[in-house]
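K.L.:
In terms of numbering that gives the first Met the number 0, the sequence shown is residues 0 to 277.
Glycine included, C-beta positions come from ideal geometry on N, C-alpha and C.
As the structure is a prediction and not an experimental result, all values here were calculated from the model.
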Amino acid sequence: MKNLIAFIATGALFVTGNLLFNSAIAHNSATATYLGNEGVMVVHGETKILFDAFYADSYGQYALVPDTIVEAMMQGAPPYDGVDAIFVSHVHGDHFTAELAVAYMRANKTVRLYAPQQVHDAIVNSGVADNTPLMARVFSYDLAPEDSAINFDVDGLSIAAVAIPHAGNRPHIQNFAWRVTIDDETTVMHLGDAGPVVSNFSRHTQHFKSRKTDIAFPPYWFFDDKNGKMILHDIIEADQTIGIHVPKRAAGHGDQWRARLGGDLFTDPGETRNTPGE
Ligand SMILES: [Zn+2]
Ligand SMILES: [Zn+2]
Numbered sequence: 000m001k002n003l004i005a006f007i008a009t010g011a012l013f014v015t016g017n018l019l020f021n022s023a024i025a026h027n028s029a030t031a032t033y034l035g036n037e038g039v040m041v042v043h044g045e046t047k048i049l050f051d052a053f054y055a056d057s058y059g060q061y062a063l064v065p066d067t068i069v070e071a072m073m074q075g076a077p078p079y080d081g082v083d084a085i086f087v088s089h090v091h092g093d094h095f096t097a098e099l100a101v102a103y104m105r106a107n108k109t110v111r112l113y114a115p116q117q118v119h120d121a122i123v124n125s126g127v128a129d130n131t132p133l134m135a136r137v138f139s140y141d142l143a144p145e146d147s148a149i150n151f152d153v154d155g156l157s158i159a160a161v162a163i164p165h166a167g168n169r170p171h172i173q174n175f176a177w178r179v180t181i182d183d184e185t186t187v188m189h190l191g192d193a194g195p196v197v198s199n200f201s202r203h204t205q206h207f208k209s210r211k212t213d214i215a216f217p218p219y220w221f222f223d224d225k226n227g228k229m230i231l232h233d234i235i236e237a238d239q240t241i242g243i244h245v246p247k248r249a250a251g252h253g254d255q256w257r258a259r260l261g262g263d264l265f266t267d268p269g270e271t272r273n274t275p276g277e
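1. Start and end of the alpha helix (DSSP H) containing arginine 257?
2. With distances taken between CB atoms, is the gap from tyrosine 113 to isoleucine 68 smaller than 9 Å?
3. Please classify glycine 251 as buried or exposed, where buried requires at least 16 neighbouring CB atoms within 10 angstroms.
4. Considering only C-alpha positions, which residue in the set Arg169, Ser125, Ala176, Asp152 is nearest to leucine 142?
5. Does the contact criterion of 3 or more C-beta pairs under 8 Å hold for the region 121-132 versus the region 158-169?
6. Tell me which same chain residues have a C-beta within less than 8 Å of the C-beta of valine 92, skipping the five on either side of it?
7. Name the one or two DSSP bridge partners that threonine 30 has.
8. Could you have a look at arginine 248 and say whether DSSP puts it in helix, strand or coil?
9. Would you mind stating whether phenylalanine 216 and alanine 31 have Cβ atoms separated by less than 9 Å?
10. Applying the 10 Å Cβ sphere with the 16-neighbour rule, what's the burial state of histidine 310?
11. Can you tell me which residues form a DSSP beta bridge with histidine 69?
12. Report yes if the C-beta distance between asparagine 33 and threonine 271 is below 9 Å; otherwise report no.
13. For alanine 258 and proline 246, what's the separation of their Cα atoms in angstroms?
14. Closer than 8 Å to a non-hydrogen atom of ligand 1 - does that hold for the CB of histidine 232?
15. Please classify proline 268 as buried or exposed, where buried requires at least 16 neighbouring CB atoms within 10 angstroms.
16. Mark phenylalanine 95 as exposed unless 16 or more other C-beta atoms lie within 10 angstroms of its C-beta, in which case mark it buried.
17. Who sits around ligand 2, taking every residue whose Cβ is closer than 6 Å to one of its heavy atoms?
18. What is the residue span of the beta strand (DSSP E) that phenylalanine 86 lies within?
19. In the structure shown, what three-state DSSP assignment does glutamine 74 receive?
20. Could you name the residues that DSSP lists as bridge partners for arginine 178?
21. Under the assumption that isoleucine 241 contacts phenylalanine 265 (Cβ atoms under 8 Å), give the Cβ distance between them as a whole number of angstroms.
22. Which residue or residues does DSSP assign as beta-bridge partners of leucine 49?
23. With 16 other CB atoms within 10 Å as the buried threshold, where does aspartate 238 fall?
24. Are there any heavy atoms of ligand 1 lying less than 8 Å away from the beta-carbon of asparagine 174, as far as the coordinates show?
25. Below 8 Å on the Cβ atoms is my contact criterion, and I expect asparagine 27 with glutamate 184 to pass it. Report the Cβ-Cβ distance as a whole number of Å.
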């Protein structure tokens with residue numbers, strides 16, 4: 000049956016050419032690659048996006064992006080070449096370091112960065128003047144937890160964000176949950192350092208239900224918290240959930256950590272997961 004479908008799809012392609020290409024060979028799978036801490040690259044077709052990929056602080060317990068991966072990203076070497084957009088959850092040093100992000104944006108002259116206002120301010124404070132061409136590729140949003148979601152489309156990406164308060168009592172930190180749909184096919188959601196507080200999510204239920212998420216990347220502390228589990232199961236309802244921000248001591252022990260926390264986790268930089276294609 001699979002061969003027959005492939006044959007029909009291929010035949011149709013020859014007859015009607017490119018116009019049918021997208022509908023005949025729809026739903027490529029997407030690949031998520033773990034970079035370290037909450038750093039993730041998602042690739043779908045020709046489109047590549049990064050979350051929380053440029054940071055320099057391990058705070059003594061979180062995995063940094065390995066030097067080999069940092070060098071490959073900076074040089075635009077495969078598979079880290081051709082990145083279209085960078086998303087930053089919040090300004091903490093285990094998620095974002097202005098100098099690294101700026102160096103990357105100078106090396107990759109077309110990449111755009113999407114972030115909370117505090118990340119924009121950190122870039123300016125690092126010495127990049129607000130009126131430079133680089134800052135024209137920095138898109139920042141001053142969202143508060145009560146504000147409704149922002150939504151916009153750019154170059155094959157449908158982007159949405161809500162502000163979800165940071166775990167613990169850190170009300171001064173803007174933390175965004177980014178939801179990005181690539182080519183109308185794959186939707187991923189990165190929660191940054193969100194705290195597992197039901198009311199912070201339930202006020203945005205309409206936003207979370209407005210589009211199905213294929214892969215959600217919550218911090219791993221959602222997995223051993225009653226409210227965190229409820230938020231993942233009842234509000235976000237992603238097809239696949241992969242915990243991030245796992246301490247670096249979990250590297251090499253992923254299976255034990257996944258068994259103990261009862262869910263999938265990224266523990267070793269470089270490891271990947273695929274969404275099911277069709
Ligand atoms: Zn944080
Ligand atoms: Zn963090």
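P.N.:
Judging by the given coordinates:
1. Taking the first residue of the sequence shown as 1, we reach residue 257 at position 258. That run of the alpha helix (DSSP H) goes 253-260.
2. Sequence index remark: in the sequence shown, residue 113 carries index 114 (1-based). Sequence index remark: in the sequence shown, residue 68 carries index 69 (1-based). No, the pair does not count as a contact, with Cβ atoms beyond the cut-off.
3. Working through the sequence shown from its first residue, we reach residue 251 at position 252. Residue burial is scored here from C-beta neighbours: glycine 251 has fewer than 16 other C-beta atoms within 10 angstroms and is therefore classed as exposed.
4. Against the sequence shown, residue 142 aligns to sequence position 143. It is Ala176 whose Cα lies nearest to the Cα of leucine 142.
5. Counting Cβ pairs under 8 Å, fewer than three are found: no touch.
6. Your numbering for residue 92 matches position 93 in the sequence shown. At residue 92 the sequence reads glycine, which differs from the valine that was named. Taken in chain order, the residues that qualify are Tyr54, Ala55, Asp56, Tyr58.
7. By 1-based counting over the sequence shown, the position of residue 30 is 31. Paired residues: Val42, Asn273.
8. As a position in the sequence shown, residue 248 is number 249, starting the count at 1. Of the three classes helix, strand and coil, the one that applies to arginine 248 here is helix, per DSSP.
9. Position 217 of the sequence shown, counted from the start, is the residue given in the question as residue 216. Position 32 of the sequence shown, counted from the start, is the residue given in the question as residue 31. Going by C-beta atoms, phenylalanine 216 is nearer than 9 Å to alanine 31.
10. Shown here, the chain extends from 0 to 277; a query on residue 310 therefore has no answer.
11. Numbered from 1 along the sequence shown, position 70 holds the residue referred to as residue 69. The identity of residue 69 in the sequence shown is valine, whereas the question assumes histidine. According to DSSP, which records beta bridges pairwise, valine 69 is partnered with nothing at all.
12. Translated into the one-based positions of the sequence shown, residue 33 becomes position 34. Translated into the one-based positions of the sequence shown, residue 271 becomes position 272. Rather than asparagine, the amino acid found at residue 33 in this sequence is tyrosine. With contacts defined as CB atoms closer than 9 Å, tyrosine 33 and threonine 271 qualify as a contacting pair.
13. Position 259 of the sequence shown, counted from the first residue, corresponds to residue 258. Position 247 of the sequence shown, counted from the first residue, corresponds to residue 246. Computed Cα separation, rounded: 16 Å.
14. One-based indexing of the sequence shown puts residue 232 at position 233. No, since every heavy atom of ligand 1 falls outside the 8 Å radius drawn around the Cβ of histidine 232.
15. In the sequence shown, counting from the first residue as 1, residue 268 sits at position 269. Burial of proline 268 is indicated by the presence of at least 16 other C-beta atoms within 10 angstroms of its C-beta.
16. In the sequence shown, counting from the first residue as 1, residue 95 sits at position 96. With 16 or more other Cβ atoms within 10 Å, it is buried.
17. These are the residues, in chain order, with a beta carbon less than 6 Å from any non-hydrogen atom of ligand 2: His91, Asp93, His94, Asp192, His244.
18. To locate residue 86, count along the sequence shown from 1; it is residue 87. Counted as a single uninterrupted DSSP element, the beta strand (DSSP E) harbouring phenylalanine 86 occupies residues 84-86.
19. For this step, residue 74 is matched to residue 75 along the sequence shown. DSSP places glutamine 74 in helix when its eight states are reduced to three.
20. To locate residue 178, count along the sequence shown from 1; it is residue 179. Under DSSP, arginine 178 forms a beta bridge with Ala159, Met188.
21. Locating residue 241 in the sequence shown gives position 242, where the first residue counts as 1. Locating residue 265 in the sequence shown gives position 266, where the first residue counts as 1. Yes, they are in contact, since the Cβ atoms of isoleucine 241 and phenylalanine 265 sit about 6 Å apart, within 8 Å.
22. Taking the first residue of the sequence shown as 1, we reach residue 49 at position 50. DSSP output for leucine 49 lists Met40, Ile85 as bridge partner(s).
23. The residue labelled residue 238 in the question sits at position 239 within the sequence shown. By the Cβ-count criterion, aspartate 238 is exposed, with fewer than 16 other Cβ atoms from all chains shown falling within 10 Å of its own Cβ.
24. Within the sequence shown, residue 174 is the residue found at index 175, counting from 1. Checking the Cβ of asparagine 174 against ligand 1 gives yes.
25. Residue numbering aside, residue 27 sits at position 28 when the sequence shown is read from its first letter. Residue numbering aside, residue 184 sits at position 185 when the sequence shown is read from its first letter. Going by Cβ atoms, the distance from asparagine 27 to glutamate 184 rounds to 7 Å, so yes, they are a contact pair.
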